[in-house]
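Visitor: Below are the structure tokens for one structure; questions will follow.
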Amino acid sequence: MESLSSELKVEIFKYVSRPMSLILINRNWYSTSQNPHARAEWLIYKYGRAHVLFHAIRLGNFATVEVVQTLLAKKAIISRYIVQRLMMQFGTYDQRLIEMRIKYNTNIKAPKNKPWASDLPLSVFTKLITEATNELKLNFTIRGNDLELFHYLTAGAHAIDQAPPILLKNLQEIEDLILNKKFIPFPSRPRLTTAYQHSVGVTEQFPSQDGYENKLEINLISRAILIHPELVTLWKKIGYNEVCSDMNGLVVKGFFVVCFPPNPIKTWVCPSSDTVAGKLQKLINLGFQLTDNIIEDLIKMFKSQMKTIGESLLNSFIKIRGNSIPPIVETTLIEIRKTKKKRRKRKR
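The opening position of the sequence shown corresponds to residue 2 in this note's numbering, with each subsequent residue numbered one higher.
This is the structure:
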């Protein structure tokens, strides 16, 4: 291994899920791990260009000025939003002030986790601010919140049936936000660990301590996509190619909730499977997927509504997936048809 060229070592390092295990082998691999090019390659391979700066910042001292420079040279996406969040969460807490607040106010609790950008070196913070200014070519509003702005522009404060005309009215501003300000939401939390759950309590806060977007923020993004699916195309134009995989579950499940509302109005009519499949196909053409897990989740979700919507729902799965549907679709469809036959016999 010691005779390997530095280029080959960087290539191997890129594919290692946990670099520490490789670093512990010998000092040559430790030397490779300190190479900014190796670190940048590893970050981009693991997290993609859309979210790589978020994770580089999250990893604190792993990101150096040279690593950031290399990431940007490799087309990592830097946005106004990431700078806004940096301004909210850079630096450490004043522990003495926290102690005094707790002493004189019993309602205040000491934060258990460090803020997302608290371990970022000052030199890297300055580098990111400077590069964002140069890249975006404008005097950006660093004290703003592009996620909140997106929420209002996409009619997040209105009922979903009232939202389309408001969103269309603001479409030019939304396009500017995505195409020029490079707005991309931060990734959603991989899983809500017990430690994080206890540290934040029941109510989620913005910005979250660990930097990841909370459920509320991710839901407003998926809702906007359902209202105006062409937003996906805008994000892909700036290099956010993972938008469909990031939002897949929420968007596809949300689509079916819109088609089959849990508490429909009296005039609601169950859509045909052709109508549902036709609309869903447009989302699939953009890159979303109707996976086995989503199908199984939807069947559980709509269990109490199967009498009314069952055949339309399940047949729409079949029209999209064909013969590759999971067995639960056929068995559920058979159960629904058996129940209908029994009812007809009783009526006779």
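Beta carbons are placed, not taken as given, at the ideal position from N, Cα and C, and that holds for glycine. Only a predicted model underlies this, so the values are computations on that prediction, with no experimental measurement involved.
Can you give me the Cβ contacts of L168 inside the same chain, cut-off strictly under 8 angstroms, excluding the 5 residues immediately before and after it?
Guide: Contacts found: L154, T155, A156, I175, A225, I228 and H229.
Visitor: Is the segment 68 to 88 close to the segment 120 to 131, with three or more CB pairs under 8 angstroms?
Guide: Touching, per the Cβ criterion.
Visitor: Candidates I266, K267, K280 and L287: which alpha carbon is nearest Y241's?
Guide: The shortest C-alpha separation from Y241 is found at L287.
Visitor: Whole angstroms is fine: what's the gap from I99's alpha carbon to P122's?
Guide: The alpha-carbon atoms of I99 and P122 are separated by roughly 23 angstroms.
Visitor: Which residue wins for smallest C-alpha separation from H52, given the options R338, S32, Q35 and S80?
Guide: Comparing Cα positions, the closest option is S80.
Visitor: If you reduce the DSSP assignment to three classes, tell me which class S7 lands in.
Guide: Of the three classes helix, strand and coil, the one that applies to S7 here is helix, per DSSP.
Visitor: Compute the distance between the beta-carbons of L148 and E243, then report whether it is under 9 angstroms.
Guide: It is not a contact, given that the beta carbons lie outside the stated cut-off.
Visitor: How is the alpha helix (DSSP H) around F318 delimited, first residue to last?
Guide: Unbroken alpha helix (DSSP H) run through F318: M307 to R322.
Visitor: Measuring CA to CA, which of S223, K339, K301 and R28 is closest to I185?
Guide: Closest option to I185, Cα to Cα, is S223.
Visitor: With a CB to CB cut of under 6 angstroms and the five nearest residues on each side skipped, what residues in its chain are close to L299?
Guide: Cβ within range, chain order: F257.
Visitor: For E214, list the residues DSSP reports as bridge partners.
Guide: DSSP, once it has assigned bridges, lists S189 as partnering E214.
Visitor: What three-state label does DSSP hand P328 in the structure shown?
Guide: Helix, per DSSP.
Visitor: Nearest by alpha-carbon distance to K339: which of K308, N324, W117 and S325 is it?
Guide: Cα-wise, what sits closest to K339 is K308.
Visitor: Can you name, in chain order, every residue of its own chain whose Cβ lies under 6 angstroms from the Cβ of R190, other than the five neighbours on each side?
Guide: For R190, where only same-chain residues beyond five positions count, the Cβ hits under 6 angstroms are Y213.
Visitor: Assuming the contact rule is C-beta atoms closer than 8 angstroms, I179 and I219 should be a hit. Round their C-beta distance to whole Å, please.
Guide: About 16 angstroms; that fails the 8 angstroms criterion.
Visitor: Give the straight-line distance between the Cα atoms of A196 and M101, rounded to the nearest whole angstrom.
Guide: In this prediction, A196 scores a pLDDT of 49, lower than 50, which makes its location untrustworthy; no coordinate-derived value is stated.
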